[in-house]
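Enquirer:
2 protein chains.
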Amino acid sequence: MSTDDEKARVANIFDVARLAGVSHQTVSRVLNELPNVRPATRLRVEQAIKQLRYVPSPAARALVTRRSRTLGLISAGRPDYGPASMALYFNEAAREARYAVSMASMLKTDAATMRGAVEMLLRQNVEAIVLIATDRDAVESVNGLELGVPLIAIASQGNVGFHRVSLDQYQGARIAVERLIELGHREIRHISGPMASMDAMERHRGWRDVMAEQGLVAQEAFEGDWTPASGYRFGTELARDADMTAVFVANDQMSLGVYHALSAAGRGVPGDVSVIGFDDIPEAEHFAPPLTTMRQDFESLGRDTMATVLAALRDDESPPAVAPRVPELIERESTAPPRSPRP
Amino acid sequence: MSTDDEKARVANIFDVARLAGVSHQTVSRVLNELPNVRPATRLRVEQAIKQLRYVPSPAARALVTRRSRTLGLISAGRPDYGPASMALYFNEAAREARYAVSMASMLKTDAATMRGAVEMLLRQNVEAIVLIATDRDAVESVNGLELGVPLIAIASQGNVGFHRVSLDQYQGARIAVERLIELGHREIRHISGPMASMDAMERHRGWRDVMAEQGLVAQEAFEGDWTPASGYRFGTELARDADMTAVFVANDQMSLGVYHALSAAGRGVPGDVSVIGFDDIPEAEHFAPPLTTMRQDFESLGRDTMATVLAALRDDESPPAVAPRVPELIERESTAPPRSPRP
DNA sequence: GGGTGGGGATCGGGGAGCAAG
DNA sequence: ACTTGCTCCCCGATCCCCACC
């Protein structure tokens, strides 16, 4: 009683059984919440568990049950505000559901890299794989891999072969463009994200559809790469178009580049040109002028993703698709009616 | 021979042994790179492994070796550019070293949350825990937890009880302030990060020391919270000080808020006030004007962190401290000599 | 017949001891 | 002296069968 004999050795199920005065069998029954255990017995076992700070070995458990209570998370691409937020909130949701998350993040999204990441995750016995990648190819290449566990992609397009959860990029884009039209704009241009990105495609589609529905001419969009630099480049080109009075930019970072280009060209925002972005990054509120943009609720997305994972784990058949949430228009000071509405 | 009987079953060590015509013992010897295996035999085994796409079960291995080849990563706080980049690059470095990463990220950094994260990771049998948290308390509370595995903190202060790796915040700050002085500024103010953050403290200390060394008066710094909003708030106050000609801002996001406040007050950058930020986020280049700032090399930091982890794993005694890398001054257009140097 | 215990197989490897080529 | 194979136990659980009260 003076000193514990058991040095650094951690307790196992037999230690618990001995302390509780039961068999290891009964401890197992308690652990796995099986019926046919008298409440009093269960209590004794639980106390022994607490007293010994006993935690079942996940390795041993995984070995025999072939289930690891671990989820794989792949994040491919730059850790921009969106992906980073998704990863964070999904991680929190997973922890709440008492799942561990094994993560593989990488800059490159080529098939070989993705494949390597998937194999590493599978090796860990993950029960499902969550994929954060705006790139369509990234999703396809993982999807083609026959992984043996559910794949849940945070993606705004595609549907066969994997579960999907997303925010409604298309509707978000529509809302942005409709607002510009409501303000009186007619010449509304678009700087899109890379067309390899599904989100970029959806936002582009939203812009194009609204323009068409309203009988407006949608000039060809510029295809950016999400970076401020590309926003700057195309903003410079755009600034030369005297008719253009508004730009719908596919994300906030590019909007910043557009600001830069516009002001370099002597065209004021929103006096000469209105700008709407997408994402509502923390910086957007303090752009000069503060940026009107579409806010995305990544926290809810994280929870929705986890819910979809759990559903997929419970039941291999019907993925109860969560309705994509629609981004919210945050109107700040980068939008205004055009200076001289068309005659 | 016509159809494989083994359906979805994955190969195990005995399958490999059979195919290679050796015993499982020999396969094990090859796997663990033990001596006393004839090259020809080794080759046959390796081919069998490749052919069957055999991968040793980590669970089984972990069970018997008590080593999981998994690292725990805790990221506490908002997923800002810095932390998100660190996580990404560390993850890549870990994968290169064939380690899996189990991740726990959370917004809140209180002791209870941190403790929960640590316990979850420990349960996973992680071999070491890497902690990304600028908050001093976060590091302390984890460090006090007696976790039984090495703790590697990406932190710019503290040293006892855990391994530490960092970028040299202090030198970075010194370089920034020295540059402002070189340009002729004397009234150099500072907007710091939250003093709970070690990085913020180091940057503050760098500013203060240089000011003192140069015989300049360091007015009390404003303590921000990293957000553009706080930069805006203090920028507004700062703008009222007519003597002030330069601000060293502890990060780029707050610099944006400062820009906003300054322009609202009618003071131009860099004409009236020079601004230097910290981090070099992708947006910084396209602020108006493009921001002069201190660039941090997170990719190298990720590799340094992994190297420190491996060293700590090899040898419990001497952590071969990696020399912190010094941030690099990226001079853009937010800095210039003061309009009217002091008489 | 509900609650328990005993015994043992099993998961997929690591590794010891020993014999044999 | 090397290389290899065999046999058997171990890690820490899950779970099945079968008593036993």
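If you read the protein sequences in the order shown, they are chains A and B.
Residue numbers for the first sequence follow the working numbering, beginning at 1 and rising by one.
Residue numbers for the second sequence follow the working numbering, beginning at 1001 and rising by one.
Each residue gets a CB set at the ideal place from its N, CA and C atoms; glycine is no exception.
Since this is a predicted model, take the numbers as computed values, not measurements.
Using the rule of at least 16 other Cβ atoms within 10 Å of the residue's Cβ for burial, across every protein chain shown, is B:M1306 buried or exposed?
Expert: For this step, residue 1306 of chain B is matched to residue 306 along the second sequence. Buried.
Enquirer: Taking only three categories from DSSP, how would you classify A:S300?
Expert: Mapped onto the first sequence, residue 300 of chain A falls at position 300. Three-state result, A:S300: helix.
Enquirer: Going along the chain, which residues of the region 269-286 of chain A sit with their C-beta nearer than 8 angstroms to a C-beta in chain B?
Expert: Listed by position, the residues of the region 269-286 of chain A near chain B (Cβ gap below 8 angstroms) are P282, E283, E285, H286.
Enquirer: In the structure shown, what three-state DSSP assignment does A:R18 receive?
Expert: What you label residue 18 of chain A is simply residue 18 of the first sequence in a count that begins at 1. A:R18: helix per DSSP, three-state reduction.
Enquirer: Using CA atoms only, rank isn't needed, just tell me which of A:A111, A:R123, A:S156 is closest to B:V1010.
Expert: Within the second sequence, the letter at position 10 stands for residue 1010 of chain B. B:V1010 has its Cα closest to that of A:R123, out of A:A111, A:R123, A:S156.
Enquirer: Can you check DSSP and say which residues form a bridge with A:G277?
Expert: For the purposes of this step, residue 277 of chain A is identified with residue 277 of the first sequence, where counting begins at 1. The partner list for A:G277 (beta bridge, DSSP) reads A:T293.
Enquirer: Spatial neighbours of B:T1308 within its chain, please: CB distance less than 7 angstroms, with the 5 preceding and 5 following residues excluded, ordered by chain position.
Expert: Your numbering for residue 1308 of chain B matches position 308 in the second sequence. Correct list, in chain order: I1152, H1163, V1165, P1319, V1322.
Enquirer: Between which residues of its own chain and B:D1199 is the CB-CB distance below 7 angstroms, once the five residues before and five after are set aside?
Expert: Indexing the second sequence from 1 puts residue 1199 of chain B at position 199. Counting only Cβ-Cβ distances below 7 angstroms, and skipping sequence neighbours, we find T1134, S1156, Q1169, G1193.
Enquirer: Give me the Cα-Cα distance between A:E96 and B:S1105, rounded to the nearest whole angstrom.
Expert: Along the first sequence, read from residue 1 onward, the residue named residue 96 of chain A stands at position 96. Along the second sequence, read from residue 1 onward, the residue named residue 1105 of chain B stands at position 105. Taking the straight line joining both Cα atoms gives about 12 angstroms.
Enquirer: So for A:E345, helix, strand or coil by DSSP?
Expert: A question about residue 345 of chain A goes unanswered here, because the residues of chain A that appear run from 1 up to 343.
Enquirer: Please report whether the beta-carbon of B:P1058 lies at a distance below 8 angstroms from any beta-carbon of chain A.
Expert: Working through the second sequence from its first residue, we reach residue 1058 of chain B at position 58. Yes, its Cβ sits closer than 8 angstroms to a Cβ of chain A.
Enquirer: So what does DSSP say about A:F234, is it helix, strand or coil?
Expert: To locate residue 234 of chain A, count along the first sequence from 1; it is residue 234. Helix, per DSSP.
Enquirer: Just confirm the distance between the C-beta atoms of A:S75 and A:E127, as a whole number of angstroms; I'd bet it's less than 8 angstroms.
Expert: Residue numbering aside, residue 75 of chain A sits at position 75 when the first sequence is read from its first letter. Residue numbering aside, residue 127 of chain A sits at position 127 when the first sequence is read from its first letter. Not confirmed; about 18 angstroms, so no contact.
Enquirer: Quick one: is B:M1114 buried, meaning 16 or more other Cβ sit within 10 Å of its Cβ, or exposed?
Expert: Looking up residue 1114 of chain B in the second sequence gives position 114. The residue is buried, with at least 16 neighbouring Cβ atoms inside 10 Å.
Enquirer: Closest Cβ-Cβ distance between B:A1008 and chain A: below 8 angstroms?
Expert: On the second sequence, residue 1008 of chain B is found 8 positions in, with the first residue counted as 1. For B:A1008, the predicted structure reports a pLDDT of 49, less than 50, and the residue's modelled location is therefore unreliable. A value from the coordinates is still provided. Chain A, which has a Cβ nearer than 8 angstroms to the Cβ of B:A1008, makes this yes.
Enquirer: Using the beta-carbon of each residue, which ones in chain B are nearer than 9 angstroms to A:P91?
Expert: Start at 1 with the first residue of the first sequence, and residue 91 of chain A comes out as number 91. For clarity, residue 91 of chain A is Asn in the given sequence; the question names Pro instead. In chain order: S1075, M1103, A1104, S1105, M1106.
Enquirer: Mind checking who A:A153 pairs with in its DSSP beta bridge?
Expert: One-based indexing of the first sequence puts residue 153 of chain A at position 153. Answer is A:L131, A:R164.
Enquirer: Tell me whether A:P35 is buried or exposed, calling it buried when 16 or more other Cβ atoms sit within 10 Å of its Cβ.
Expert: Your numbering for residue 35 of chain A matches position 35 in the first sequence. Its Cβ having fewer than 16 others within 10 Å, A:P35 is exposed.
Enquirer: Taking one C-beta from the region 277-293 of chain A and one from the region 132-151 of chain A each time, how about it: are there three or more such pairs within less than 8 angstroms?
Expert: Output reads no: the region 132-151 of chain A does not touch the region 277-293 of chain A.
Enquirer: Measure the alpha-carbon distance for A:P338 versus B:G1184 and round it to whole angstroms.
Expert: On the first sequence, residue 338 of chain A is found 338 positions in, with the first residue counted as 1. On the second sequence, residue 1184 of chain B is found 184 positions in, with the first residue counted as 1. The alpha-carbon atoms of A:P338 and B:G1184 are separated by roughly 44 angstroms.
Enquirer: Out of curiosity, what's the CA-to-CA distance linking B:G1172 and A:A311?
Expert: The residue labelled residue 1172 of chain B in the question sits at position 172 within the second sequence. The residue labelled residue 311 of chain A in the question sits at position 311 within the first sequence. Approximately 49 angstroms, taken between the alpha carbons.
Enquirer: Taking its Cβ as the centre, do 16 or more other Cβ atoms sit within 10 Å of A:M195, making it buried, or is it exposed?
Expert: Numbered from its first residue, the first sequence carries residue 195 of chain A at position 195. A:M195 comes out exposed.
Enquirer: Quick check on B:H1260 - is its C-beta less than 8 angstroms from some C-beta in chain A?
Expert: Looking up residue 1260 of chain B in the second sequence gives position 260. By this cut-off, B:H1260 is an interface position.
Enquirer: With a 10 Å radius around its C-beta and 16 neighbouring C-beta atoms as the bar for buried, classify B:E1237 as buried or exposed.
Expert: By one-based count along the second sequence, residue 1237 of chain B stands at place 237. It is exposed - the Cβ of B:E1237 has fewer than 16 other Cβ atoms within 10 Å.
Enquirer: Do B:M1103 and the ligand NAD come close, with the Cβ less than 7 angstroms from some heavy atom?
Expert: As presented, the structure is devoid of all ligands, the ligand NAD included, so that no description of it is given.
Enquirer: State the beta-bridge partners of A:M106 as determined by DSSP.
Expert: Mapped onto the first sequence, residue 106 of chain A falls at position 106. In the DSSP output, where bridge partners are listed per residue, A:M106 has A:A76.
Enquirer: Are the beta-carbon atoms belonging to A:M103 and A:G302 less than 8 angstroms from one another?
Expert: The residue you call residue 103 of chain A lines up with position 103 of the first sequence. The residue you call residue 302 of chain A lines up with position 302 of the first sequence. Taking 8 angstroms as the Cβ cut-off, A:M103 and A:G302 do not qualify as a contacting pair.
Enquirer: May I have the straight-line CA-CA distance separating B:R1136 from B:G1077, to the nearest angstrom?
Expert: As a working mapping, residue 1136 of chain B is identified with position 136 in the second sequence. As a working mapping, residue 1077 of chain B is identified with position 77 in the second sequence. If you take the alpha carbons of B:R1136 and B:G1077, they lie about 12 angstroms apart.
Enquirer: At what residues does the beta strand (DSSP E) containing B:V1249 begin and finish?
Expert: Stepping through the second sequence from its first residue, residue 1249 of chain B is reached at position 249. It spans 1246-1249 - the beta strand (DSSP E) in which B:V1249 sits, taken as one unbroken run.
Enquirer: Less than 8 angstroms between the C-beta atoms of B:N1125 and B:T1065, yes or no?
Expert: Position 125 of the second sequence holds residue 1125 of chain B. Position 65 of the second sequence holds residue 1065 of chain B. No.
Enquirer: Roughly how many angstroms lie between the CA atoms of A:G277 and A:G231, to the nearest whole one?
Expert: Here residue 277 of chain A refers to the residue found at position 277 of the first sequence. Here residue 231 of chain A refers to the residue found at position 231 of the first sequence. Computed Cα separation, rounded: 11 angstroms.
Enquirer: Count the other CB atoms within 10 Å of the CB of B:V1139; is the residue buried (16 or more) or exposed (fewer)?
Expert: To locate residue 1139 of chain B, count along the second sequence from 1; it is residue 139. Buried: at least 16 other Cβ atoms inside 10 Å.
Enquirer: Are there 16 or more other CB atoms within 10 angstroms of the CB of B:E1202, so buried, or fewer, so exposed?
Expert: Counted from its first residue, the second sequence places residue 1202 of chain B at position 202. B:E1202 should be labelled buried.
Enquirer: Spell out the partners DSSP gives A:R66 in its beta bridges.
Expert: Position 66 of the first sequence, counted from the start, is the residue given in the question as residue 66 of chain A. In the DSSP output, where bridge partners are listed per residue, A:R66 has none listed.
Enquirer: Can you tell me the Cβ-Cβ gap for A:V101 and A:A94, rounded? I've got them flagged as a contact below 8 angstroms.
Expert: Counting from 1 along the first sequence, the entry for residue 101 of chain A is found at position 101. Counting from 1 along the first sequence, the entry for residue 94 of chain A is found at position 94. With a Cβ gap of about 5 angstroms, A:V101 and A:A94 count as contacting.
Enquirer: Cα separation between A:R295 and A:W207?
Expert: For the purposes of this step, residue 295 of chain A is taken as the residue at position 295 of the first sequence. For the purposes of this step, residue 207 of chain A is taken as the residue at position 207 of the first sequence. Roughly 17 angstroms between the two C-alpha positions.
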